[in-house]
Structures are given as structure tokens and as C-alpha cells.
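Below is one structure, written out as C-alpha cells; the observations come after it.
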Amino acid sequence: MSPTPLRFFFDYVSPYAYLAWTQLPALAERHGRALEVVPVLFAGVLNALGTMGPAEVPAKRFYIYKHTHRLAHDLGVPFAFPSAHPFNPLFALRVTAAVREADARKRLVSALFSAAWAGGGGLVEPERVGACVSSVGLEAQALLAAAGTPDVKEQVRRNTEELLALGGFGVPTVLVGEELFFGVDSLGHLERFLRGEDPLSPEERERLRTLPMAASRL
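Sequential numbering of the sequence shown, starting at 1, is according to the UniProt record's numbering.
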């Protein structure tokens, strides 16, 4: 039986998702795991949970912009902020969902993340998305048209609902089996988990899952 794949739930709007993506293919290869990419709409997750995104909190927005620059430097990966942020990633997500072949989809994810976060000119305009599609050897006209079909639109919505049903609350999230790892800073924890070295015992995990609350602001 093949090992459980790593499922990467992401949205191009997140610089943290981009940084995680720069590391995940190699991580998956080190552990002999397939890597599946699952485009979700982060705004849909926030709406469902009634929460705000990091860039929607004025005091946090500038900090995360500095933080992601520093993380990119530590990781040694290219990084350049787009001309405006947040931006609308929905069309790019739908185009990604329209690609059915797994390796081709991963190539497109890399191209679109680079367009958004590595000085590639952005991905808001359809022509920029189309250029990314063509750059990885896919048929731009057909995929851009497919992005507007009900089936593809529904796929992104279903992906987003799946993340919520799994207990996800943001991006990037990696699912392995029934365990979620959130954020680029959790990739080291993911590796320990894959090596069978998770410091969290099943008993303690269950205790934390059902830990009662002694106070609430609500």
C-alpha cells in the first residue's frame, strides 16, 4: 500500500503559502510521499468562520509583510511583494482547479506562485494567468475558458468546504492522514511526524482536543 499522500491546501493570496510551497516538493520526496495540491479560497474560509485575515488587521499587516521577507531570506528563495495586497486570487485558483493531471497542476502552481510572490508580474489579470499557463506547456485558451464553467467553480468551493470540514482554518495547511499542519512554521513538525517522532502522544492529543474552556470573551 502506498504511503498516505500530503495534501496541500493553499491560496495564492498567502505569502506563507508560497513560502511553504518552495519547501514542500522536496519534503514530500524525502519521505516518499505523493504531494497533492488543493486550491481553496481563503476568503471563503474566513467568511465561514467569521474571522479576519492577517492582512485585514492593520496592526498586523505591516508586520507580516516584514516577517515574510525575513522568512524568504532564511529559506534562500526569491521573494518580491506584488503591487497590491490582498489581491483577488479566485481566477487563478479556478484555472488551477481546471487542470486535471497532477504533475501539470503542480507545475502551474509553481508558475502562479512565482508570478505572485517572486517578481513574476502578478496573477490578477487573466492575461498574466494565461502567460503562466502557457509557460508550463498547457493550453491557455482552453484552461481560461474552463475556469468559468460551473463544474470548475464548484470544485474550488468544494475544496474550501473540505478544508473547513477537516477542521482547517487557514492557509497553508498540509493534511497527512487525519493530522493537519498549519503554516510554513509547521513544516519541521510535519517532518518529525512523518518520521514517527511526533512529541505529542495520542493520549495528550485527545486531552487537548477536548480541553474545557474556563473563560471566554464571547
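Note that the Cβ used here is the ideal one computed from N, Cα and C, for glycine as well.
As the structure is a computational prediction, the values presented were derived from the model and not from experiment.
Minimum C-alpha distance to residue i - residue among the options
{"i": "residue 42", "options": "193, 178 and 163", "result": "163"}
{"i": "residue 20", "options": "116, 183, 199 and 214", "result": "183"}
{"i": "residue 118", "options": "73, 160, 141 and 146", "result": "73"}
{"i": "residue 109", "options": "38, 78, 28 and 61", "result": "38"}
{"i": "residue 58", "options": "75, 217, 85 and 126", "result": "85"}
{"i": "residue 98", "options": "196, 153 and 64", "result": "153"}
Continuous beta strand (DSSP E) stretch holding residue i: start and end
{"i": "residue 10", "result": "6 to 10"}
{"i": "residue 68", "result": "Note, residue 68: premise wrong, no beta strand (DSSP E); alpha helix (DSSP H) at 58 to 75."}
{"i": "residue 39", "result": "35 to 39"}
{"i": "residue 180", "result": "179 to 182"}
Where residue i falls, given that 16 or more other Cβ within 10 Å makes a residue buried
{"i": "residue 106", "result": "buried"}
{"i": "residue 32", "result": "exposed"}
{"i": "residue 159", "result": "buried"}
{"i": "residue 200", "result": "exposed"}
{"i": "residue 120", "result": "buried"}
{"i": "residue 173", "result": "buried"}
Rounded Cβ spacing between residue i and residue j (contact assumed at less than 8 Å)
{"i": "residue 176", "j": "residue 190", "result": "7 Å"}
{"i": "residue 143", "j": "residue 95", "result": "5 Å"}
{"i": "residue 80", "j": "residue 112", "result": "Contact flag wrong, Cβ pair sits at about 15 Å."}
{"i": "residue 187", "j": "residue 168", "result": "With a Cβ gap of about 16 Å, residue 187 and residue 168 do not count as contacting."}
Same chain, Cβ closer than 7 Å to residue i, neighbours up to 5 away in sequence not counted
{"i": "residue 87", "result": "13 and 124"}
Span of the alpha helix (DSSP H), counted from its first residue to its last, around residue i
{"i": "residue 129", "result": "126 to 135"}
{"i": "residue 24", "result": "15 to 30"}
{"i": "residue 109", "result": "102 to 117"}
{"i": "residue 173", "result": "No alpha helix (DSSP H) contains residue 173, which is instead part of the beta strand (DSSP E) from 173 to 176."}
{"i": "residue 151", "result": "150 to 165"}
{"i": "residue 205", "result": "202 to 209"}
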